[in-house]
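> First, the structure itself, so that you have it in front of you.
Protein chains: 2
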Amino acid sequence: MDVKIRVAKKEDCARLLDLVYELALFERAPQEVTVSLQEFEEAGFGVKPVWKAYTASLDGLIIGFALYYIRYSTWKGQRLYLEDLVITEAFRGKGAGKLLFDRLIQEAQELGFNGMTWQVLDWNEPAIKFYNKYEANIEAGWLNASLSKEQITAYQI
Amino acid sequence: MDVKIRVAKKEDCARLLDLVYELALFERAPQEVTVSLQEFEEAGFGVKPVWKAYTASLDGLIIGFALYYIRYSTWKGQRLYLEDLVITEAFRGKGAGKLLFDRLIQEAQELGFNGMTWQVLDWNEPAIKFYNKYEANIEAGWLNASLSKEQITAYQI
Numbered sequence: 001m002d003v004k005i006r007v008a009k010k011e012d013c014a015r016l017l018d019l020v021y022e023l024a025l026f027e028r029a030p031q032e033v034t035v036s037l038q039e040f041e042e043a044g045f046g047v048k049p050v051w052k053a054y055t056a057s058l059d060g061l062i063i064g065f066a067l068y069y070i071r072y073s074t075w076k077g078q079r080l081y082l083e084d085l086v087i088t089e090a091f092r093g094k095g096a097g098k099l100l101f102d103r104l105i106q107e108a109q110e111l112g113f114n115g116m117t118w119q120v121l122d123w124n125e126p127a128i129k130f131y132n133k134y135e136a137n138i139e140a141g142w143l144n145a146s147l148s149k150e151q152i153t154a155y156q157i
Numbered sequence: 001m002d003v004k005i006r007v008a009k010k011e012d013c014a015r016l017l018d019l020v021y022e023l024a025l026f027e028r029a030p031q032e033v034t035v036s037l038q039e040f041e042e043a044g045f046g047v048k049p050v051w052k053a054y055t056a057s058l059d060g061l062i063i064g065f066a067l068y069y070i071r072y073s074t075w076k077g078q079r080l081y082l083e084d085l086v087i088t089e090a091f092r093g094k095g096a097g098k099l100l101f102d103r104l105i106q107e108a109q110e111l112g113f114n115g116m117t118w119q120v121l122d123w124n125e126p127a128i129k130f131y132n133k134y135e136a137n138i139e140a141g142w143l144n145a146s147l148s149k150e151q152i153t154a155y156q157i
């Protein structure tokens, strides 16, 4: 496959959100995707961009992407946080994910981040196998906790 | 206790790092704290601040703090990420943590975040009990994955 990697542009956002939704389905949580296209575009290409993404294309069709933002750790300093790495189902296992992930490592080298971090579902064996090839440190024991926008809004101080 | 909550200042950073280290000891990972005071100050009070914190003080002594930054989710948009919430051991269980956490919820209300999120260790029962009072959603099944700065630097594209 002659896969091309490039920085995502604003006009890619609708396609990226389709892939976000495909990933959420795969992760068994499609109802959790509540962001709008407008919010997504604004966060990536507005006055104060918070995320950056690379796309993988084949014959002009975006078949996957990797999206990151900078995360701050009191232990480690600034790290690249890989929010999403997704290759659409029909094109998995053909090396596009590796091209994207390698591009992120290069980005982390170039920008001098103090590490890269992300999360993976404990039943997602193909993904864990993929990350193991990079000798990533994969650690259990942490629970994700959250309050929703509705809970925050309703809370009486 | 007459605990005062205020926004952290640059001159608080050394004390905050002491408390970060105390938390890392409690979380059985003191070797993981590799950030320097200078990096920490720069990240909070430099050209492009990435974190903000509130301190809890008693008679002028900082007994705890809550530190957050903005996290971007492709599912949810911008959320407050609570990186650290720590009360020094001698002052736990006396309400200072609640004051800090309530202040964060207020911040999330004021700044219009789409949620609050954080992580808690699965064996940290007092913390889980504390978050349960807020009816936080606490979810297992995700593994934390990372590459260190050394791994990134050594990687050959």
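Which chain is which? The protein sequence lines are A and B, in order.
Numbering of the first sequence is given in full-length UniProt numbering, commencing with residue 1 and proceeding in unit increments.
Numbering of the second sequence is given in full-length UniProt numbering, commencing with residue 1 and proceeding in unit increments.
For glycine and all other residues, C-beta sits at the position ideal for the given N, C-alpha and C.
Can you give me the start and stop residues for the beta strand (DSSP E) that valine 50 of chain B sits inside?
The residue given as residue 50 of chain B occupies position 50 in the second sequence. Counting along the chain, valine 50 of chain B falls outside any beta strand (DSSP E), and DSSP gives it neither H nor E.
> Per DSSP, what kind of secondary structure is glycine 44 of chain B in: helix, strand or coil?
In the second sequence, residue 44 of chain B corresponds to position 44, counting from 1. In this structure, glycine 44 of chain B counts as helix in the three-state DSSP scheme.
> Under 7 Å Cβ to Cβ from leucine 17 of chain A, same chain only, skipping five residues before and after it: list those, please.
Translated into positions along the first sequence, residue 17 of chain A becomes position 17. Only Leu37, Phe40 meet the Cβ criterion.
> Check whether the segment 83 to 96 of chain A touches the segment 84 to 94 of chain B, taking contact to mean three or more Cβ pairs, one atom from each stretch, closer than 8 Å.
The segment 83 to 96 of chain A vs the segment 84 to 94 of chain B: no contact.
> Can you tell me whether arginine 28 of chain A is buried or exposed? The criterion is at least 16 other CB atoms within 10 Å of its CB, across all chains shown.
For the purposes of this step, residue 28 of chain A is identified with residue 28 of the first sequence, where counting begins at 1. It counts as exposed.
> Using a Cβ-Cβ cutoff of less than 7 Å, which residues in the same chain neighbour arginine 79 of chain B once the five nearest sequence positions on both sides are dropped?
Indexing the second sequence from 1 puts residue 79 of chain B at position 79. The answer, listed in chain order, is Arg71, Ser73, Phe113, Asn114, Gly115, Met116, Thr117.
> What number of angstroms, rounded off, separates the C-alpha of alanine 125 of chain B from the C-alpha of glycine 77 of chain A?
Working through the second sequence from its first residue, we reach residue 125 of chain B at position 125. Working through the first sequence from its first residue, we reach residue 77 of chain A at position 77. For the sequence presented, residue 125 of chain B should be read as glutamate rather than alanine. For glutamate 125 of chain B and glycine 77 of chain A, the distance between alpha carbons rounds to 27 Å.
> Consider the Cβ of tyrosine 68 of chain B: report whether some Cβ of chain A lies at a distance smaller than 7 Å.
Position 68 of the second sequence, counted from the first residue, corresponds to residue 68 of chain B. Chain A contact via Cβ: absent.
> Just reading off the alpha helix (DSSP H) that arginine 103 of chain B is part of, what are its end residues?
Indexing the second sequence from 1 puts residue 103 of chain B at position 103. Where arginine 103 of chain B is concerned, the enclosing alpha helix (DSSP H) stretches over 96 to 111.
> Whole-angstrom Cβ separation of leucine 82 of chain A and alanine 66 of chain A, contact assumed at under 8 Å?
Translated into the one-based positions of the first sequence, residue 82 of chain A becomes position 82. Translated into the one-based positions of the first sequence, residue 66 of chain A becomes position 66. Sure, about 6 Å apart at Cβ, within 8 Å.
> Where DSSP assigns a beta bridge to serine 146 of chain B, which residues make up the other side?
Within the second sequence, the letter at position 146 stands for residue 146 of chain B. Beta-bridge pairing links serine 146 of chain B to A:Thr117, A:Asn137.
> Of all Cβ atoms in chain B, is any one closer than 7 Å to the Cβ of isoleucine 62 of chain A?
Within the first sequence, the letter at position 62 stands for residue 62 of chain A. Not one chain B Cβ lies under 7 Å of isoleucine 62 of chain A.
> Measuring only between beta-carbons, confirm whether isoleucine 157 of chain B sits less than 7 Å from chain A.
Along the second sequence, read from residue 1 onward, the residue named residue 157 of chain B stands at position 157. So yes, isoleucine 157 of chain B belongs to the interface.
> Check each residue of the segment 74 to 107 of chain B: if its Cβ is closer than 9 Å to any Cβ of chain A, include it; give the result in chain order.
Residues Thr74, Trp75, Lys76, Gly77, Gln78, Arg79, Leu80, Tyr81, Leu82, Glu83, Asp84, Asp102, Arg103, Ile105, Gln106.
> With respect to the alpha helix (DSSP H) encompassing lysine 4 of chain A, which residues constitute its N-terminal and C-terminal limits?
Position 4 of the first sequence, counted from the start, is the residue given in the question as residue 4 of chain A. From DSSP, lysine 4 of chain A is part of no alpha helix (DSSP H) but of the beta strand (DSSP E) over 4 to 7.
> From the DSSP output, which residues share a beta bridge with tyrosine 155 of chain A?
Numbered from its first residue, the first sequence carries residue 155 of chain A at position 155. Paired residue(s): none; tyrosine 155 of chain A is not in a bridge.
> Does any C-beta atom of chain A lie closer than 7 Å to the C-beta of serine 146 of chain B?
Your numbering for residue 146 of chain B matches position 146 in the second sequence. At least one chain A Cβ lies under 7 Å of serine 146 of chain B.
> Name the one or two DSSP bridge partners that phenylalanine 65 of chain A has.
Within the first sequence, residue 65 of chain A is the residue found at index 65, counting from 1. Partner(s): A:Thr55, A:Val86.
> Using a cut-off of 8 Å between C-beta atoms, extract the partners of threonine 153 of chain A located in chain B.
Translated into the one-based positions of the first sequence, residue 153 of chain A becomes position 153. Ordered by position in chain B, the residues that pass the 8 Å Cβ test against threonine 153 of chain A are Gln109.
> Starting from phenylalanine 26 of chain B, follow the alpha helix (DSSP H) in both directions and report where the run begins and ends.
Your numbering for residue 26 of chain B matches position 26 in the second sequence. Taken as a continuous stretch (DSSP letters only), the alpha helix (DSSP H) holding phenylalanine 26 of chain B covers 13 to 26.
> For the alpha helix (DSSP H) that glutamate 125 of chain B lies in, which residues bound it at each end?
As a working mapping, residue 125 of chain B is identified with position 125 in the second sequence. 125 to 132 is the span of the alpha helix (DSSP H), which, as asked, contains glutamate 125 of chain B.
> Residues of the segment 121 to 136 of chain B in Cβ contact with chain A at a cutoff of 8 Å, in chain order, please.
Taking 8 Å as the Cβ-Cβ cut-off against chain A, the residues of the segment 121 to 136 of chain B that qualify are Leu121, Asp122, Trp123, Ile128, Tyr131, Tyr134, Glu135, Ala136.
> Does the distance from the C-beta atom of valine 35 of chain B to that of alanine 24 of chain B stay below 7 Å?
Mapped onto the second sequence, residue 35 of chain B falls at position 35. Mapped onto the second sequence, residue 24 of chain B falls at position 24. Going by C-beta atoms, valine 35 of chain B is not nearer than 7 Å to alanine 24 of chain B.
> Does the segment 140 to 156 of chain A come into contact with the segment 125 to 141 of chain B, if we say contact requires no fewer than three beta-carbon pairs (one atom in each stretch) closer than 8 Å?
The segment 140 to 156 of chain A vs the segment 125 to 141 of chain B: in contact.
> Give the residues of chain A in contact with leucine 143 of chain B, contact being defined as C-beta atoms less than 7 Å apart.
By 1-based counting over the second sequence, the position of residue 143 of chain B is 143. What leucine 143 of chain B touches in chain A: Gln119, Val120, Asp122, Ile138, Glu139, Ala140.
> Compute the Euclidean distance between the alpha carbons of leucine 121 of chain B and leucine 143 of chain A, then round it to the nearest angstrom.
Stepping through the second sequence from its first residue, residue 121 of chain B is reached at position 121. Stepping through the first sequence from its first residue, residue 143 of chain A is reached at position 143. Cα to Cα, the separation comes out at about 6 Å.
> Closer than 9 Å by beta-carbon distance: list the chain A residues that pair up with glutamate 39 of chain B, in chain order.
For the purposes of this step, residue 39 of chain B is taken as the residue at position 39 of the second sequence. Simply Gly77, Gln78, Asn114.
> Rounded to the nearest angstrom, what separates residue 158 of chain A and lysine 48 of chain B at their Cα positions?
Outside the modelled stretch of chain A, which goes from 1 to 157, sits residue 158 of chain A, for which no answer is possible.
> Using the rule of at least 16 other Cβ atoms within 10 Å of the residue's Cβ for burial, across every protein chain shown, is leucine 19 of chain B buried or exposed?
Along the second sequence, read from residue 1 onward, the residue named residue 19 of chain B stands at position 19. Label assigned to leucine 19 of chain B: buried.
> Answer with yes or no whether the minimum CB distance from tyrosine 72 of chain A to chain B is below 7 Å.
Numbered from 1 along the first sequence, position 72 holds the residue referred to as residue 72 of chain A. It does: the Cβ of tyrosine 72 of chain A has a partner Cβ on chain B nearer than 7 Å.
> Flag alanine 43 of chain A as yes if its beta-carbon sits less than 7 Å from any beta-carbon of chain B, otherwise no.
Position 43 of the first sequence, counted from the start, is the residue given in the question as residue 43 of chain A. Yes - at least one Cβ of chain B is within 7 Å of the one on alanine 43 of chain A.
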